[in-house]
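Just so it is clear: in the sequence shown, position 73 is 73 by UniProt numbering, and no numbers are missing. Even glycine gets a Cβ: it sits at the ideal position worked out from N, Cα and C. Contents: one structure, followed by commentary.
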Amino acid sequence: MVPTEDMILTHLRRGAIEYCVLALLADDEWYGLDIARRLSGDGVLLSGEGTLYPLLARLRKGGLVETHWRESDAGPPRRYYALTPEGRAALETFARTWAPFRDAVDSTLGSHR
């Protein structure tokens with residue numbers, strides 16, 4: 001069976017989405033729905049909100065993000081997510097690893113054409 005684009009995207013997302021969330025939180029804290037909107041805007045990184053909240057919970061349990069509640073003018077209090085020092089270290093490690101990995105994939109795909 002030839003994998004579909006959706007199947008390939010699902011596999012690629014699994015390996016990278018948590019680091020994309022950490023990257024969003026590198027400079028500021030974000031509300032969960034804002035994270036979902038940002039990551040799903042292009043339809044590539046996040047296919048729906050349903051996968052984001054379990055991921056945020058895992059990141060929190062893993063000590064990579066912390067949360068706090070903030071009052072909202074537009075409704076109930078909102079949970080905001082921020083990077084912990086451990087999350088920042090994980091993001092830096094991923095960034096160092098990602099560039100050579102991406103370059104190797106690009107090079108291999110380029111030699112195939």
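Here Tyr80 is not near Val21, since their CB atoms are 9 Å or more apart. The DSSP-derived three-state label of Glu86 is helix. Only exposed fits Val44, as fewer than 16 other CB atoms lie within 10 angstroms of its CB. Going by C-alpha positions, Gly41 is about 16 Å away from Ala16. Beyond the five residues adjoining it in sequence on each side, Glu18 comes within less than 7 Å, by CB distance, of Leu55, Leu59 in the same chain, given in chain order.
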